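Visitor: Got a structure for you, questions after.
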Amino acid sequence: MAHAYTPGLRVTPQTLLQRQRQLPLKGEVVVSQGDSVTRDQVVAHTHLPGNVTTLNLVNILSCTPEELPNYMLKREGDPVEADEPIAETRPFIKWFKTTVKAPISGTLENISKITGQVIFRAPPRPVQVQAYIDGNVIEILPEEGVIVETTGAFVQGIFGIGGEIWGPLHVISKEPDQILTPDQISDSCAGKIVVGGNLLTLDAIDKARESGAVGIIGGGIRDSDLRDLLGYDLGVAITGTENIGLTVIVTEGFGSIAMARKTFDILSENNGKEASISGATQIRAGVLRPEIIIPESSIHEQTEESDHPGLIEGALLRVIRAPYFGQVGKVTVLPSELQTVESETHVRVIEVEFDNGDRAIVPRANVELIEE
Amino acid sequence: MDNLDVIIATDCGSTTTKAILIEKKDDIYRQTYRGEAPTTVEAPYEDVTRGVLNAIQEVEELSGRQILDGETIITPAEDHRGVDIYISTSSAGGGLQMMVGGVIQAMTGESAQRCALGAGAIVMDILASNDGRHPHEKIERIRQLRPDMVLLSGGTDGGTISHVVELAEFISAADPKPRFGSGYQLPVIFAGNKDAAQEIERTLGDKTALTVTENIRPTLEAENLGPARHVIHDLFLEHVMAQAPGYRKLISWTGAPIMPTPGAVGLMMQTVSKQQNINVVGVDIGGATTDVFSVFDDIFNRTVSANLGMSYSVSNVLAEAGLDDVMRWVPFNIDEADLRDRIKNKMIRPTTIPQMLEELQVEQAIAREALRLAFVQHRALAVGLKGVQAERTLSDVFDQSAGGESLIKMRDLDLLVGSGGVLSHAPRRMQTAAMLIDAFQPEGITRLAVDSIFMMPHLGVLSSVNEIAATQVFERDCLIYLGTCIAPIAQGKQGTSCAQYEIGLPDGTQSGTLNIGDFLHFPLEADQEAHLTLQPERNTDAGAGPGRELNTTVKGGTAGLILDGRGRPIVFAENQSERADQISQWSETLNLYPR
Chain A
1315 MAHAYTPGLR VTPQTLLQRQ RQLPLKGEVV VSQGDSVTRD QVVAHTHLPG NVTTLNLVNI
1375 LSCTPEELPN YMLKREGDPV EADEPIAETR PFIKWFKTTV KAPISGTLEN ISKITGQVIF
1435 RAPPRPVQVQ AYIDGNVIEI LPEEGVIVET TGAFVQGIFG IGGEIWGPLH VISKEPDQIL
1495 TPDQISDSCA GKIVVGGNLL TLDAIDKARE SGAVGIIGGG IRDSDLRDLL GYDLGVAITG
1555 TENIGLTVIV TEGFGSIAMA RKTFDILSEN NGKEASISGA TQIRAGVLRP EIIIPESSIH
1615 EQTEESDHPG LIEGALLRVI RAPYFGQVGK VTVLPSELQT VESETHVRVI EVEFDNGDRA
1675 IVPRANVELI EE
Chain B
110 MDNLDVIIAT DCGSTTTKAI LIEKKDDIYR QTYRGEAPTT VEAPYEDVTR GVLNAIQEVE
170 ELSGRQILDG ETIITPAEDH RGVDIYISTS SAGGGLQMMV GGVIQAMTGE SAQRCALGAG
230 AIVMDILASN DGRHPHEKIE RIRQLRPDMV LLSGGTDGGT ISHVVELAEF ISAADPKPRF
290 GSGYQLPVIF AGNKDAAQEI ERTLGDKTAL TVTENIRPTL EAENLGPARH VIHDLFLEHV
350 MAQAPGYRKL ISWTGAPIMP TPGAVGLMMQ TVSKQQNINV VGVDIGGATT DVFSVFDDIF
410 NRTVSANLGM SYSVSNVLAE AGLDDVMRWV PFNIDEADLR DRIKNKMIRP TTIPQMLEEL
470 QVEQAIAREA LRLAFVQHRA LAVGLKGVQA ERTLSDVFDQ SAGGESLIKM RDLDLLVGSG
530 GVLSHAPRRM QTAAMLIDAF QPEGITRLAV DSIFMMPHLG VLSSVNEIAA TQVFERDCLI
590 YLGTCIAPIA QGKQGTSCAQ YEIGLPDGTQ SGTLNIGDFL HFPLEADQEA HLTLQPERNT
650 DAGAGPGREL NTTVKGGTAG LILDGRGRPI VFAENQSERA DQISQWSETL NLYPR
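These protein sequence lines are chains A and B, in that order.
Position in the first sequence (first residue = 1) + 1314 = the working numbering.
Position in the second sequence (first residue = 1) + 109 = the working numbering.
So this is what it looks like as structure tokens:
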């Protein structure tokens, strides 16, 4: 393999970004190419087929499935109202008549002569897709959606929960290693995205939720807190649909870990600016990471979008596994031959010099580059 | 195809495409070179052939043989140029995801599940008339899932029509869309009551791409999974693969149909079982899923535990097994909160490796539990047919089982094969043997092996074109024999005798008493054999029956012979510190870890 190390997450003060906004089924796109759109603007909508309700009439009418059409008052495709008669028997004595009423309003979709089952479909449900970010429509996907483009700051987190949301950034911690405490969060956080430096404790997240914050961002979260927050143990990292009242994004990992300086600086310099965030995380094929997009970034330097040089001497990195988990340092030596580490695993390694001057040998697979 | 001298085979996995070169030298097929490259199904490449070419290029560089002419594979082989055939398997893009349906969950539903799993699919849900869900819940579920394919069975031939048609009506009402490609119809296979075929055609013919094939359960007493599995493979190529980026080109390059990776591994297991006339269990533990394969008395079964794995799904192993069951395998204590954070960090950064010994031990403890749980799931599905009317004798009247007994009889297991990173790349082979023994707990005499570089998919698809080549490479290059586990099954107090043993090792005979709770190790190289005599106590069965002497020849391997008297299930000390001592002692016996 060409690269044994983990490429870092993207953290950039100014970049060109595109987001595809697509309907789950074909529908109507309501904006045009070149339109300027805002984050909460509807760009496409459609109708999802309504829910289905079934009713087996042969037991109710005491007939065979083949005889069923003779008793039907409605035909396939007919609209029906709830409690409207749809089938009835015609006995000699009217007193013995059995009438079946429609269980829902909608359409009678199918009458089966094999099973005696009648299927009703509720009216279609409307679905809308919003722009999510402030920007311009650069492409229309006919009947399906649009691609919105914007320039701004972009930060990928490592893990998140909750879906897409937007609001002004409200940076509370003064330094990236500060832990956000509940007493720092007040009602002034309502409608905002609260930003801390280090660990997000359950108490702080709860306080943010109570105060009406729409999102919270920090360096790390404890798994035990995550379990209490969700009410279950998260087994597989597929998130984004949780409904916990706010979106949570951690930028570094699980446990107490300071936010990377560059990430913290970008968020701090954009304090008060509107941001669009998503907690959706999926770590299997087609990796999806949580993200923070700040379209009107205060930082106007344009970063060159180029392939980063990779793991070279002097490159800034963070160790992502014990025993040096979370420590930041620089590559000092890149031995090409395999080495045996304490666990006797035979791996490619690097030598790292940490901020305090200590040096250590670390497997290349256990480091993550930090883009400067 | 007999005139194959040079073969290039690839397996396009979710993350890595692995290529191997197989050459016939002195009339024997050997695997000679391998290369790998990242799979390129996702953006920005969105063309699987790019990764295939890169992997083959690595083989070219290592072997010095020119295989590619630009982007064309040179065929046939001439001297040091080209290959005779190119073959491939694929599990990229999440593999083959199916939904199955049957009238009775435990009968046709289970047969449909076995059929789909055996073909290499992940079964997303089993729809059945008696699954306890309301019709609208079933319809909503079908709509949500977006499978690649649906297998509908139900009704023995001449049996119920209405129930299976009802299931078809649910599918029709849901109007499900396939996972890939909005422009084509969802493939549905009907393999149920032949008398219902016409009604099924009427119900689903317009809305889906329907294929009708032979009933998978023509009578309650018989399962007929072959024809439906062939249809699954055909549709996998025509519909699912053809929708994935670059696969149309890849299909045009291959000399044999592309197989789903697990389907190919299953085929290889069956070939080995048939050729050597042995019962085999195989396991492949990956980052997200664990596949278990078994062939007992010619009956093949495969299960996939979709959320048991060592990276993406590692947290789920902890959630399902519980912390206590994971930590019982390590001789030290660790703060629960800290362990939970470490495991979650592995989940979100799946490519990291354990640098510290303690971390390796925890990872291997998790692997034991993931393997154990996956095997529990396998045993639950690998059962005889349920609903079969059997003549019952007086003694059967007192037996409460309603058919469906497990086909997995550990005492009859001859070979246990492991593969997947945590087993194949363990720093010491002894660790692999220990993980397999602890997780599967084989009984009697069982040979252990590990797939050295996960070559079984390639060999499985090769076996469909040249069985001899596949088995020769499997025997010589694919498997690394770890040794043999000898585990008499005893009931009794710890420390009491369960058997007398005598082992004729190349450097002298070793004899003694195996007590309950003992765990003994005797080195014996891979190419060596030893004569074993076990005289069990009256209440102990060493494989020949309770109290009966067993005389046999056992084969060695990198881990040698392991005499396991720890009981089935393995008996742990109840006291925490005694258990830690017990684990340390087992580790020392096998020299599992550096001291």
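All residues carry an ideal CB built from backbone N, CA and C; glycine is no exception.
Small disclaimer: the values here were computed from a predicted structure and weren't measured.
Give the residues from the segment 459 to 478 of chain B that approach chain A closer than 7 Å (Cβ to any Cβ), ordered along the chain.
Guide: Listed in sequence order: P459, T460, T461, I462, P463, Q464, M465, L466, E468 and L469.
Visitor: Tell me which residues of the segment 444 to 457 of chain B have at least one Cβ-Cβ distance to chain A shorter than 7 Å, keeping chain order.
Guide: The residues in question are A446, R449, D450, R451, K453, N454, M456 and I457.
Visitor: Per DSSP, which residues does A/L1455 bridge with? Please list them.
Guide: As a working note, residue 1455 of chain A is residue 141 in the first sequence. According to DSSP, which records beta bridges pairwise, A/L1455 is partnered with A/G1459.
Visitor: In whole angstroms, what separates the C-alpha of B/S515 from that of B/A489?
Guide: Working through the second sequence from its first residue, we reach residue 515 of chain B at position 406. Working through the second sequence from its first residue, we reach residue 489 of chain B at position 380. Spanning the two alpha carbons is a distance of roughly 7 Å.
Visitor: Determine the DSSP secondary structure at A/Y1577, reduced to helix, strand or coil.
Guide: On the first sequence, position 263 is the one that residue 1577 of chain A refers to. A small fix is needed here, since residue 1577 of chain A is Thr in this sequence, not Tyr. Here A/T1577 sits in helix by DSSP.
Visitor: With distances taken between CB atoms, is the gap from B/Q637 to B/G674 smaller than 7 Å?
Guide: On the second sequence, residue 637 of chain B is found 528 positions in, with the first residue counted as 1. On the second sequence, residue 674 of chain B is found 565 positions in, with the first residue counted as 1. No; because the gap between Cβ atoms is not below 7 Å, this pair is not in contact.
Visitor: Taking the alpha helix (DSSP H) that B/V157 belongs to, which residues open and close that run?
Guide: Here residue 157 of chain B refers to the residue found at position 48 when the second sequence is read from its first residue. V157 to S172 is the span of the alpha helix (DSSP H), which, as asked, contains B/V157.
Visitor: With a threshold of 16 other CB atoms inside 10 Å of the CB of A/Q1347, please say whether the residue is buried or exposed.
Guide: Counting from 1 along the first sequence, the entry for residue 1347 of chain A is found at position 33. Its Cβ having fewer than 16 others within 10 Å, A/Q1347 is exposed.
Visitor: Quick one: Cα of B/N660 to Cα of B/M544, how far?
Guide: Sequence index remark: in the second sequence, residue 660 of chain B carries index 551 (1-based). Sequence index remark: in the second sequence, residue 544 of chain B carries index 435 (1-based). Rounded to the nearest angstrom, the two C-alpha atoms are 27 Å apart.
Visitor: When the cut-off is 7 Å and only beta carbons count, does B/H245 lie next to chain D?
Guide: Chain labels in this structure do not include chain D; the protein chains are A and B.
Visitor: For A/E1458 and B/E584, I'd like the C-alpha separation in whole angstroms.
Guide: In the first sequence, the residue the question calls residue 1458 of chain A occupies position 144. In the second sequence, the residue the question calls residue 584 of chain B occupies position 475. Straight-line Cα distance between these residues: approximately 53 Å.
Visitor: Taking 8 Å as the threshold, find out whether the segment 1556 to 1574 of chain A comes into contact with the segment 1526 to 1537 of chain A through three or more Cβ pairs.
Guide: They touch, by the three-pair rule.
Visitor: Taking C-beta to C-beta, are B/V522 and B/V559 nearer than 7 Å?
Guide: Position 413 of the second sequence, counted from the first residue, corresponds to residue 522 of chain B. Position 450 of the second sequence, counted from the first residue, corresponds to residue 559 of chain B. The residue asked about is misnamed: residue 522 of chain B is Leu in this sequence, not Val. No, the pair does not count as a contact, with Cβ atoms beyond the cut-off.
Visitor: Specify, as a first and last residue, the run of the alpha helix (DSSP H) that B/E687 falls within.
Guide: Numbered from its first residue, the second sequence carries residue 687 of chain B at position 578. Counting along the chain, the alpha helix (DSSP H) containing B/E687 begins and ends at Q685 to L699.
Visitor: Less than 7 Å between CB atoms is the rule here; does A/S1721 satisfy it with respect to chain B?
Guide: What the structure shows of chain A is the stretch from 1315 to 1686, and residue 1721 of chain A is not part of that stretch, so it cannot be assessed.
Visitor: Flag this pair as yes or no: are the beta carbons of B/I625 and B/Q603 separated by less than 7 Å?
Guide: In the second sequence, counting from the first residue as 1, residue 625 of chain B sits at position 516. In the second sequence, counting from the first residue as 1, residue 603 of chain B sits at position 494. Yes, the pair counts as a contact, with Cβ atoms nearer than the cut-off.
Visitor: I'd like the ranges of any beta strand (DSSP E) spanning at least 3 consecutive residues and lying wholly in the segment 1340 to 1387 of chain A.
Guide: Entirely contained in the segment 1340 to 1387 of chain A, the beta strand (DSSP E) runs reaching 3 residues are, in chain order, 1356 to 1362 and 1366 to 1370.
Visitor: Closer than 7 Å, Cβ to Cβ, to anything on chain A: give me those residues from the segment 416 to 429 of chain B, in chain order.
Guide: Within the segment 416 to 429 of chain B, the residues whose Cβ lies closer than 7 Å to some Cβ of chain A are N416, Y421, S422, S424, N425 and A428, listed in chain order.
Visitor: Mind listing which residues of the segment 1633 to 1645 of chain A have their C-beta closer than 8 Å to chain B's C-betas, in chain order?
Guide: So the list reads I1634, R1635, A1636, P1637 and F1639, given in the order they occur along the chain.
Visitor: Whole angstroms are fine: how far does the CA of B/H189 sit from the CA of B/Q175?
Guide: What you label residue 175 of chain B is simply residue 66 of the second sequence in a count that begins at 1. What you label residue 189 of chain B is simply residue 80 of the second sequence in a count that begins at 1. Their Cα atoms are separated by approximately 7 Å.
Visitor: Taking any Cβ of chain B, which residues in the segment 1419 to 1446 of chain A have a Cβ under 7 Å from it, in chain order?
Guide: Of all residues in the segment 1419 to 1446 of chain A, E1423, N1424, S1426, I1428, T1429, Q1431 and I1433 have a Cβ within less than 7 Å of some Cβ in chain B.
Visitor: For chain B, find out if any of its Cβ atoms is closer than 7 Å to the Cβ of A/E1618; answer yes or no.
Guide: Along the first sequence, one-based indexing puts residue 1618 of chain A at 304. Residue placement at A/E1618 is flagged as unreliable, the pLDDT there being 49, under the threshold of 50; the coordinate-derived value follows with that caveat. Not closer than 7 Å to any Cβ of chain B, the Cβ of A/E1618 fails to qualify, so no.
Visitor: When the cut-off is 7 Å and only beta carbons count, does A/N1663 lie next to chain B?
Guide: The sequence position of residue 1663 of chain A within the first sequence is 349, counting from 1. Just to set this straight, residue 1663 of chain A is Val in the shown sequence, not Asn. Not an interface residue.
Visitor: Is the Cβ-Cβ distance between A/A1636 and B/E468 less than 7 Å?
Guide: Against the first sequence, residue 1636 of chain A aligns to sequence position 322. Against the second sequence, residue 468 of chain B aligns to sequence position 359. Yes, Cβ-Cβ distance for A/A1636 and B/E468 is below 7 Å.
Visitor: Which class does B/A531 belong to by DSSP, given the choice of helix, strand or coil?
Guide: Taking the second sequence and counting its residues from 1, one reaches residue 531 of chain B at position 422. It should be noted that the sequence gives Val, not Ala, for residue 531 of chain B. In the structure shown, B/V531 sits in a helix (DSSP, three-state: H, G or I).
Visitor: The beta strand (DSSP E) with A/G1481 in it runs from where to where?
Guide: The sequence position of residue 1481 of chain A within the first sequence is 167, counting from 1. I1479 to V1485 is the extent of the beta strand (DSSP E) around A/G1481.
Visitor: Any contact of the segment 293 to 306 of chain B with the segment 262 to 278 of chain B, i.e. 3+ C-beta pairs under 8 Å?
Guide: Contact holds: three or more Cβ-Cβ distances are below 8 Å.
Visitor: Compute the Euclidean distance between the alpha carbons of B/H630 and B/L670, then round it to the nearest angstrom.
Guide: The residue labelled residue 630 of chain B in the question sits at position 521 within the second sequence. The residue labelled residue 670 of chain B in the question sits at position 561 within the second sequence. Those two C-alpha atoms are separated by around 6 Å.
Visitor: State the start and end residues of the unbroken alpha helix (DSSP H) segment that holds B/Q307.
Guide: Taking the second sequence and counting its residues from 1, the one referred to as residue 307 of chain B is at position 198. Where B/Q307 is concerned, the enclosing alpha helix (DSSP H) stretches over A306 to L313.
Visitor: Given this structure, state the Cα-to-Cα distance separating A/H1756 from B/Q473, to the nearest angstrom.
Guide: For chain A, the structure presents residues 1315 to 1686; residue 1756 of chain A sits outside this window and is missing.
Visitor: Compare the C-alpha of B/I325 against each of B/E219, B/H272 and B/I394 and name the closest.
Guide: Locating residue 325 of chain B in the second sequence gives position 216, counting from the first residue. Of B/E219, B/H272 and B/I394, the residue nearest in Cα terms is B/E219.
Visitor: Look up B/L319 in the DSSP assignment and give the residues it is bridged to.
Guide: Mapped onto the second sequence, residue 319 of chain B falls at position 210. Bridge partners of B/L319: B/V297.
Visitor: At a CB distance below 8 Å, what residues from the segment 1347 to 1372 of chain A approach chain B? Give them in sequence order.
Guide: Those residues of the segment 1347 to 1372 of chain A that come within reach of chain B (Cβ to Cβ, closer than 8 Å) are P1363, N1365, V1366, T1367 and T1368.
Visitor: One question on the structure: do B/I309 and B/I280 come within less than 7 Å of each other, judged by their Cβ atoms?
Guide: Counting from one through the second sequence, the residue named residue 309 of chain B turns up at place 200. Counting from one through the second sequence, the residue named residue 280 of chain B turns up at place 171. No.
Visitor: Based on Cα-Cα distance, which residue from B/D616, B/L525 and B/V663 lies nearest to B/I589?
Guide: Here the question's residue 589 of chain B lines up with position 480 in the second sequence. Measuring from the Cα of B/I589, the nearest candidate turns out to be B/L525.
Visitor: Measure from the C-beta of B/E697 to each C-beta in chain A and report whether the shortest distance is under 7 Å.
Guide: The residue labelled residue 697 of chain B in the question sits at position 588 within the second sequence. B/E697 does not count as touching chain A.
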